[in-house]
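Residue 1321 is where the sequence shown ends in my numbering, and the numbering goes up by one at each step. Every residue gets a Cβ at the ideal spot worked out from N, C-alpha and C, and that includes glycine. See below for the structure under consideration.
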Amino acid sequence: MTTMSPFVHLHTRSHYSLLEALPKIKELVSHVKAMGMDAVALTDNGTLYGSIEFYEKAKDAGIKPIIGMDAYLAREGRHFKRARIDTKPNRLVLLAQNEEGYRNLIALSSIGFLEGFYYKPRVDKEVLRTYAQGLIALSGGHQGEIDEHLHLGRFDEAKAAARAYQDLFGEGNFYLELVDRPEIAEQQSTNARLIDLSRETGIPLVATKNSFYLKPDDVEAWKILNCIKGAKTLDQFDRQNQYDYDASVVSGEYMAERFADVPEAIENTHVIAERCHLELTLGAWNFPNFEIPSDKSFREVLTERATRQLAEKEGPLTSAMNERLDYELNI
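Here it is as structure tokens:
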């Protein structure tokens, strides 16, 4: 009989994090179930591509699915697209507590691609304020804004940022993320400062592994994936020593041992999992509702909008364009 795990993975990716992570959805779900876990979060990078497949596969396996996203956060605003400045966004993990949170995740992902895309689909704090309801946020680990401040010795700035995120998401909906990266001395120091920050601000801690593949033996395949992404050879990557650490989906017992000095960070993984109650109705049509002026028909409004958008994209419309538009609208 499998013993229930003391830990829930809340920062985990699948192959839908394109060229960045390995796990197939079914394999991820089977892996966490074999380790005695009853819930897992999927937090792919900037996207929700795998969310429905994940939801269905997890439900079928008796695992509670927590749909989330590892969001790219523009440093000064999603509309800034400057070389060497806006190519390195911060990170923030967002988890849907309920249907409202899931819909807000969809909105944030869409805005990231449609308005904030610059190498990555980025959002900013302005849109986060609009779509924060129903979400639980984790500080993002070593690429998060708070960790960055702490790594540079800016404790006061880190504290101000933490309180700003707490205000944005609401008290109890923001957690300081302790990432297990034992091979990086700076991360251990940063984790110690995060614990200090939690004690000063009352913002709770949560432990994560920040996983990109399932088992330690997968690391070579992951290196090759990143070589493809960066157009590098394995020798080049090994010389840079970028990926010399374990980013697998580890056991709960391992995580409990790693964070034995802060057991609340482990306990809070279950607290968060228990707070996430998303039930999706799948297999039914869900059409959007559009408000149509009383003096116009749906057809008239559609024709007006299509004509306006075509002109914005192509300039003055030719007779051939108008004929094609009429053809498309009459299908």
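Integer-rounded CB distance, given that residue j should sit under 8 Å from residue i
i: L1187; j: A1148; result: 6 Å
i: K1219; j: L1009; result: 4 Å
i: Y1006; j: T1037; result: 6 Å
i: A1246; j: P1079; result: No, A1246 and P1079 are not in contact; Cβ-Cβ is about 32 Å, not under 8 Å.
i: H1021; j: T1198; result: Not really, about 16 Å apart at Cβ, beyond 8 Å.
i: N1200; j: A1255; result: Their Cβ separation, rounded to whole angstroms, is 14 Å, which puts N1200 and A1255 out of contact at 8 Å.
i: F1202; j: A1011; result: 4 Å
i: I1057; j: S1041; result: 5 Å
i: L1184; j: L1140; result: 7 Å
i: D1170; j: R1248; result: 5 Å
i: L1319; j: L1292; result: 7 Å
Residue span of the beta strand (DSSP E) that contains residue i, given as start and end
i: N1035; result: 1029 to 1035
i: P1194; result: P1194 -> no beta strand (DSSP E), and no H or E assigned at all.
i: K1058; result: In the sequence as presented, Lys is not what sits at residue 1058; that position holds Gly. Looking at the DSSP string, the run of the beta strand (DSSP E) that includes G1058 is 1054 to 1063.
Residue environment, residue i, which counts as buried when at least 16 other CB atoms sit within 10 Å
i: P1013; result: buried
i: Y1160; result: A quick correction: the sequence has Gly, not Tyr, at residue 1160. By the 10 Å Cβ count, G1160 comes out exposed.
i: N1303; result: Contrary to the premise, residue 1303 reads as Lys rather than Asn in this sequence. Under this definition K1303 is an exposed residue.
i: F1280; result: exposed
i: N1094; result: buried
i: K1269; result: The residue asked about is misnamed: residue 1269 is Glu in this sequence, not Lys. With fewer than 16 Cβ atoms within 10 Å of its Cβ, E1269 is classed as exposed.
i: L1018; result: buried
i: R1119; result: exposed
i: E1138; result: buried
i: S1004; result: buried
i: N1312; result: exposed
i: N1092; result: Just to set this straight, residue 1092 is Tyr in the shown sequence, not Asn. Buried, because 16 or more other Cβ atoms sit within 10 Å of the Cβ of Y1092.
i: P1306; result: exposed
Residue interval of the alpha helix (DSSP H) (run including residue i)
i: Y1165; result: Segment 1164 to 1169 is the beta strand (DSSP E) holding Y1165; no alpha helix (DSSP H) there.
i: P1283; result: No alpha helix (DSSP H) contains P1283, which DSSP labels as neither H nor E.
i: V1291; result: 1288 to 1304
i: V1239; result: Segment: none, V1239 is in no alpha helix (DSSP H) and carries neither H nor E.
i: Y1050; result: The sequence shown places Asp at residue 1050, not Tyr. Looking at the DSSP string, the run of the alpha helix (DSSP H) that includes D1050 is 1041 to 1050.
i: Y1006; result: Careful: Y1006 lies outside any alpha helix (DSSP H) and carries neither H nor E.
i: W1275; result: From DSSP, W1275 is part of no alpha helix (DSSP H); its letter is neither H nor E.
i: N1258; result: 1253 to 1265
i: N1312; result: 1309 to 1319
i: N1216; result: 1209 to 1220
i: S1201; result: Here S1201 belongs to no alpha helix (DSSP H), and DSSP marks it neither H nor E.
i: A1024; result: 1015 to 1024
Test: residue i CB closer than 8 Å to a CB of chain D
i: L1125; result: Protein chains in the displayed structure number just one, and chain D is not present.
Quick check for students: name the residue ranges of the alpha helix (DSSP H) that lie wholly in the segment 1077 to 1153, counting only runs of 4 or more. With a minimum length of 4 residues, the continuous alpha helix (DSSP H) runs that stay inside the segment 1077 to 1153 are 1089 to 1104, 1115 to 1120, 1135 to 1141.
If we count Cβ pairs, one from each stretch, closer than 8 Å, do we get three or more for the segment 1081 to 1088 versus the segment 1018 to 1029? Output reads no: the segment 1018 to 1029 does not touch the segment 1081 to 1088.
Three Cβ pairs or more, each shorter than 8 Å: is that satisfied between the segment 1208 to 1218 and the segment 1158 to 1170? Touching, no.
For the segment 1100 to 1117 and the segment 1276 to 1295, state whether three or more C-beta atom pairs, one from each stretch, are separated by less than 8 Å. With a cut-off of 8 Å, the segment 1276 to 1295 and the segment 1100 to 1117 do not count as touching, because too few Cβ pairs lie within range.
Could you say if the segment 1062 to 1073 and the segment 1044 to 1054 meet the contact criterion of at least three C-beta pairs nearer than 8 Å? Too few Cβ pairs lie closer than 8 Å, so no.
Just checking, does the segment 1138 to 1157 make contact with the segment 1179 to 1195 on the three C-beta pairs under 8 Å criterion? Counting Cβ pairs under 8 Å, three or more are found: they touch.
Mind the definition here: the segment 1060 to 1068 touches the segment 1239 to 1253 only if three or more C-beta pairs lie below 8 Å; say whether that holds. The segment 1060 to 1068 is not in contact with the segment 1239 to 1253.
With three or more beta-carbon pairs closer than 8 Å as the criterion, would you say the segment 1259 to 1275 touches the segment 1174 to 1181? For the pair of segments examined, the segment 1259 to 1275 was found not to touch the segment 1174 to 1181: the number of CB pairs separated by less than 8 Å stays below three.
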